[in-house]
Amino acid sequence: MRSRPLLIGATSLIGLAWAGAVQAQDVAPPKVVPTLDAGSAQIAAPSPPPPEAQLPVVEPIIEDEEFEKSIPPISAEDDAELDRPIESIAEFERRLATEAANKRAADGSDDAADATAETQPPQVDGVPVPALADGDAAEVIGDAPISDSELAAPLPPLENFDVEPVEFAEAEADSDNVELSYTVQVNGLSDADDSTDVDLADLFGDLSALYGGDGKADNAAMIRARLSADGELMQRILASEGYYDAVVDTRIDRGAREEGQERRRRSITAVIDVKPGKRYTLADIIINADPTIPPNLIADNFPLSVGEPIVAQRIQGAEAAIALKLPQEGYPFAKVGQRDILLDGATGDGVYTLPVDIGKRSRFGGIETTGDLAFDAEHVEVLARFKRGDLYDSRMVDDLRQALVATGLFATVAAEPQPTGKSAGDDTEYVTMLVTQQAGPPRTLAASAGYGTGEGIRLEGSWTHRNLLPPEGALTFRGVLGTQELGIGATLRRSNAGRRDRTLELVTEVTRSTYDAFNAITGRVGARVSYDSTPIWQKKFTYAYGVELIATREDDYDFATGERSYDFYTILGLTGQVGMDRTDSLLDPTKGFRITSLIQPEGSLAGRFSPYARLRSDISGYYPVTDSIVLAGRVRVGSIVGAARERLAPSRRFYAGGGGSVRGFGYQELGPKDPNNDPIGGRSVNELAVEARYRFGNFGVVGFVDAGQVYRSSAPTFQNLRFGAGIGARYYTNFGPMRFDIATPIGRKPGEARVSVYVSIGQAF
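Residue numbers (my numbering): 49 to 813.
1. With a threshold of 7 Å on Cβ separation, who are the neighbours of R272 within its own chain once the five nearest residues in sequence on each side are excluded?
2. Buried or exposed: Q757, going by 16 or more other Cβ atoms within 10 Å of its Cβ?
3. Check each candidate in I358, R491 and D438 and name the one with the smallest Cα separation from A837.
4. Compare the Cα-Cα distances from Y671 to each of I647, R630, V710 and E114 and report the closest residue.
5. Apart from the five residues just before and just after E356, which ones in its own chain have a Cβ nearer than 8 Å to its Cβ?
6. Leaving aside the five residues before and after I505 along the sequence, list all residues of the same chain whose C-beta is less than 8 Å from its C-beta, in chain order.
7. Is P380 near Y440, with beta carbons less than 8 Å apart?
8. With DSSP run on the structure shown, which of helix, strand or coil describes Q309?
9. Whose C-beta lies closer than 6 Å to the C-beta of K587 among residues of the same chain, with five residues either side of it excluded?
10. By the three-class DSSP mapping on this structure, what secondary structure does R760 have?
11. Does the distance from the C-beta atom of G624 to that of R642 stay below 8 Å?
12. Closest by CA to A773, which one among R542, V528, V750 and G279?
13. Let me check understanding here. Comparing Cα to Cα, which of V445, L402 and G393 lies closest to I411?
14. For H427, tell me which candidate among V359, D606, I346 and I415 has the shortest Cα-Cα distance.
15. Taking DSSP's pairing of strands, which residues face E477 in a bridge?
16. Could you spell out where the beta strand (DSSP E) holding I391 opens and where it closes?
17. Taking DSSP's pairing of strands, which residues face N336 in a bridge?
18. Could you work out which residue in P723, G810, A318 and I647 is closest to R612 when comparing CA atoms only?
19. Just curious, the beta strand (DSSP E) that D549 is in, first and last residue?
20. Give the secondary structure of P659 by DSSP, where H, G and I count as helix, E and B as strand, and everything else as coil.
21. I'd like to confirm the pairing. Which residues does DSSP put opposite N567 in its beta bridges?
22. Can you tell me which of the three DSSP states P649 falls into?
23. Kindly identify the DSSP beta-bridge partner or partners of R542.
24. Quick one: does A740 have its CB under 8 Å from some CB of chain C?
25. Counting pairs of beta carbons, one from the stretch 791-803 and one from the stretch 665-683, are three or more of them closer than 8 Å?
26. Leaving out five residues before and five after G571 in sequence, what residues of the same chain have Cβ atoms less than 6 Å from its Cβ?
27. Enumerate in chain order the residues of its own chain whose CB-to-CB distance from G521 is below 6 Å, with the five nearest sequence positions on each side excluded.
28. Pull up the distance between the alpha-carbon of T556 and that of A538, whole angstroms please.
29. Leaving out five residues on either side along the sequence, give the residues of the same chain with a beta carbon under 6 Å from the beta carbon of L452.
30. With F252 as the anchor, note down where its alpha helix (DSSP H) starts and where it stops.
31. Going by CA-CA distance only, name the one from E694, E739, E135 and G260 that's closest to I677.
32. Measuring alpha carbon to alpha carbon, tell me which residue in A382, A737, R314 and L374 is nearest G681.
33. So, helix, strand or coil for Y259, using DSSP?
34. Please list, in chain order, all residues of the same chain as R743 whose beta carbon is under 6 Å from its beta carbon, the five residues on each side excluded.
35. When the Cα of R700 is compared with those of N746, R443, R711 and G651, which residue comes out closest?
This is how it looks when you write it as structure tokens:
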């Protein structure tokens, strides 16, 4: 039987095209889709066209009669052949093999019969096995000879199978964490290092990953990673100093093997080879900016010059200087653009271009506030040190921002200029300062503690509502608990009262004191106005004045009767104080001096009015011997004029001794004493103190010598001074140093302690 080819004749295709043309308005043309079935194809069912499709009517190319005449006649044999089912590929290949075998037999070949047998496909239960992909009906695999008897032996039962561990000829080394040692070698850096103001080798050593690993690594991959990172680091360091053509090569050198205790190792050296190349310099500096007032504002504040090396730190510093200076001189919206440096590799020159947008020259206008307000814009104007019409200065804005922070009333606060477009004359315009507030928690709790020989332990706590009476009207309740003092009090304080840093206080308190000098129960009310320094703004001149009314019951030794007795005192007094401060720090000065003078005119209201005045002056100075050593000294002189000592309440007399006075002695221990060796105070005092302060990091050591005495007379005589000496430790915090001092009296007398200890916050002076 002849094979039947797989095709769709041209006649059929033409007929399909004609049928599709006749029915174009109803169905889509058929699509011929090939399949993977052996020797077959399928014609996809026509799918209906979309509703909106409008296909044209196509006329047939030829008539049906002409088409039928063009088809060749089909014989009965051919018609029967076409109706037969298509044979499978396996049957087709077997038929071909059989025909080939028969042909060889007809040709008289000796092995024709063998060929026929070889090509006959195998059968399973009479069913032929399909041919393989390569045409062979069966693959012949020879049996390899078995030389190992164990392989030919039957497998033992599973329950009798015994697993024995594999034994190695040599014990395996535990190499999970093998630490490697290495050294670092940098070649060729010295020439570049000598030409710069920066120690390049030291800078590289501080930032290097290799040096940071202290010569140890977990494995070689870690060394290579560090070496690669350090190569890039060296490239950046050299480029920052103007060596833009530098070539940095890295490699790992392994030395000869060395016999170790456990395994043989080779030394490892991480090598960085440097070729700096030429160093580029500035050949021209071009600042693209509009004219400023004054005309040389940018040039005078731009610290670069033609001919100097192109150093990244210098470039950035110069740009920062412009960005800082312009807002200080009336240009709040000045912007420094992106620099451009054009390098010439042939000459080593660089042309530096910097665009600067100076913005509009401006003056301060009004103040506006937004957000969760702690106080209004009117109070912000009290804090500002500028007025409407002043030339804009960013330093004044920074000062305002710091003053707002110092109130302690904000979680966050910001002050930024906003353009208004309103002319302020002289080719300037007004800017509005927009203060964005976010009020913080207004209530705080605070506590402090201290100890002093003769003064005992003293604990103080307070509760404050910082904005009970806006703006900045704070109410504070205070309590003192100590071995020799008990007290409660309340203070109403108005900060920035009508003026920046001016404070108004109203105070009422009741205390009970138990000292060797006197016992007292005292009530006090007072009012005080002060203009003081703050941690944000330390002032050169300060002042304070006020009035107070004191009612106190105190005991005193009566020399006439030879015993102590209580008396009641009612005192009305005024207070005036002035100060000058030329130190570099409010809490921890290291240079400069301070002078404070106090005058307190007072009078007793018991019986006839008896006026007197308390005067006191303090002078302290600070001199830095080195960056870490400071010499500090203090002198205090006090006098009471206008009344005898017996007419003065014991609490209003002068005393000396203790942590804030003459260390080495107990609290109020110096001066005149009664027959029981208890101090009774005097009308004048003088004190001297010298300290040598050595600071290292956040810690410090202080050696000191103090001297002082209290006198019966109203004028200090500077005689019979008592001295104390000691040593102290300091721990420096952001709110001031914590102090621990231990001292002993020089020339100790009976009844005086051998050692006195003082613990508090802040320097002694």
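Every residue, glycine too, gets a C-beta built ideally from N, C-alpha and C.
Source: prediction; values computed, not measured.
Quick look at the numbers:
1. Closer than 7 Å at Cβ, skipping near neighbours: I300.
2. For Q757, the number of other beta carbons within 10 angstroms of its own is at least 16, and it is reported as buried.
3. With the chain represented from 49 up to 813, any question about residue 837 goes unanswered, as that position is not in the structure.
4. When each option's Cα is compared against that of Y671, the closest is R630.
5. The residues T329, L330 and R362, in chain order, have a CB closer than 8 Å to that of E356 in the same chain once the five nearest residues on each side in sequence are set aside.
6. Here the set comprises A497, G498, Y499, G530 and T531.
7. For P380 and Y440, yes; Cβs fall inside 8 Å.
8. Only weak support exists for where Q309 lies, its pLDDT of 46 falling under 50; the value from the coordinates is given anyway. The answer is coil: DSSP assigns Q309 none of H, G, I, E or B.
9. Around K587, the same chain offers S581 as residues with beta carbons nearer than 6 Å, after the five sequence neighbours per side are excluded.
10. Shown here, R760 sits in coil according to DSSP, grouped into three states, outside any helix or strand.
11. No.
12. Here the closest residue by C-alpha is V750.
13. Inspection of the sequence shows that residue 411 is occupied by Arg rather than by Ile. Ranking V445, L402 and G393 by CA distance to the CA of R411 puts V445 first.
14. Of the candidates V359, D606, I346 and I415, the one whose C-alpha sits nearest the C-alpha of H427 is I415.
15. Looking at the DSSP output, E477 bridges to S410 and S471.
16. Residue identity differs from the one stated: residue 391 is Leu in this sequence, not Ile. L391 -> beta strand (DSSP E) spans D388 to D392.
17. Answer is P403, bridged to N336.
18. With distances taken between Cα atoms, R612 lies closest to P723.
19. For D549, no beta strand (DSSP E) encloses it, and the DSSP letter there is neither H nor E.
20. In the displayed model, P659 falls within a strand according to three-state DSSP.
21. The beta-bridge partner set that DSSP reports for N567 consists of T562.
22. Strand, per DSSP.
23. G521 and L552.
24. In summary, chain C is missing from the structure at hand, where a single protein chain is found.
25. These segments do not touch.
26. These residues qualify, in order along the chain: V558 and A599.
27. The answer, listed in chain order, is R542.
28. Distance between the alpha carbons of T556 and A538 is about 6 Å.
29. Cβ-Cβ distances below 6 Å link L452 to V461 in the same chain, with the five nearest sequence neighbours on each side left out; the list follows chain order.
30. Run containing F252: L248 to L255, per the alpha helix (DSSP H) assignment.
31. For the residues E694, E739, E135 and G260, the minimum Cα distance to I677 belongs to E739.
32. Ranking A382, A737, R314 and L374 by Cα distance to G681 puts A737 first.
33. Collapsing the DSSP output to three states places Y259 in a helix.
34. These residues qualify, in order along the chain: S676.
35. R700 has its Cα closest to that of G651, out of N746, R443, R711 and G651.
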